[in-house]
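Each residue of the sequence shown is one higher than the one before, starting from 1 at the first, in my numbering.
Even for Gly, the Cβ is constructed at its ideal location relative to N, Cα and C.
Each remark here refers to the structure printed beneath this line.
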Amino acid sequence: MSDRFAADGYIVRRLPIEEKLAELRRDVLDVFDLYGRHHAGLEVTDDADLVRFFRRAQRLQYHAYQRINRLPALAALAADASLAELLAELGMRRPVIDVHLQIRCDMPVAEQHLAVAHQDYAHNLGSRNSVTVWMPLQDTSVEGGALRVAPGSHRYDLFPHEAGFVDDFPEELLVSVPVMLGEVLVFSQWLVHASGRNTSEATRF
Numbered sequence: 001m002s003d004r005f006a007a008d009g010y011i012v013r014r015l016p017i018e019e020k021l022a023e024l025r026r027d028v029l030d031v032f033d034l035y036g037r038h039h040a041g042l043e044v045t046d047d048a049d050l051v052r053f054f055r056r057a058q059r060l061q062y063h064a065y066q067r068i069n070r071l072p073a074l075a076a077l078a079a080d081a082s083l084a085e086l087l088a089e090l091g092m093r094r095p096v097i098d099v100h101l102q103i104r105c106d107m108p109v110a111e112q113h114l115a116v117a118h119q120d121y122a123h124n125l126g127s128r129n130s131v132t133v134w135m136p137l138q139d140t141s142v143e144g145g146a147l148r149v150a151p152g153s154h155r156y157d158l159f160p161h162e163a164g165f166v167d168d169f170p171e172e173l174l175v176s177v178p179v180m181l182g183e184v185l186v187f188s189q190w191l192v193h194a195s196g197r198n199t200s201e202a203t204r205f
């Protein structure tokens, strides 16, 4: 596995975390439901409700969005023993959380905010072997907004960039990486990657 990671700059691995992921997704919807009910009279129990919340009260939905990054269930995932074991397999003897934990919420709407090709290292400036761990809270297909990566691009140090975003990176070098619930995508923070557009009917967390 470490050889493949060294060559491609990323791996996908299944971990025994499905129960924790499901708990986190429930907690996320509960936060949106709390904000929706108390401030806009909107019940949020599923993805369709969340999309309606976004369309009717985008600013309020954004405030709720800031709260979900502080959920205890998210911190529990970051501290999961199986994740620590995986990072140890990749040669990380004592990993630390170097930046704040973050949940990204991509809804199936026209006005999606997609991140163009970039390298996380330009934003985070961690150690040379720093990685990003990407955990979807549902099956994430190409249609669901799977992350796109440029295999092997981590071997070329920092590309010319503007505010961290790589200048004129060839789209044809980016490949989508579907990740199913319970799997994690671990990639070097030097790896060039970009958002995928969510064209499904579900929210991609």
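According to the DSSP assignment, Arg14 belongs to no alpha helix (DSSP H) but to the beta strand (DSSP E) extending over 10-14. Ser127 and Ala48 have their alpha carbons spaced roughly 40 Å apart.
Pairing Tyr62 with Ala7, the inter-Cα distance amounts to about 38 Å. Nearest in C-alpha terms to Pro95, of all of Ala81, Ile103, Arg104, Phe32, is Ala81.
Secondary structure at Asn69: coil, using DSSP grouped into helix, strand and coil. In the DSSP assignment, Leu101 falls outside any beta strand (DSSP E), carrying neither H nor E. Fewer than three Cβ pairs drawn from the stretch 34-44 and the stretch 187-203 lie within less than 8 Å of each other, which leaves the two stretches out of contact. Remark: fewer than three beta-carbon pairs, one from each stretch, lie closer than 8 Å, so the stretch 97-114 and the stretch 161-169 are not flagged as touching. Take the alpha-carbon of His113 and the one of Ile103: they are about 14 Å apart. The beta-carbon separation of Pro170 and Val142, rounded to 19 Å, does not stay under the 8 Å limit for a contact. Under DSSP, Ser188 takes part in a beta bridge, and its partners are Val131.
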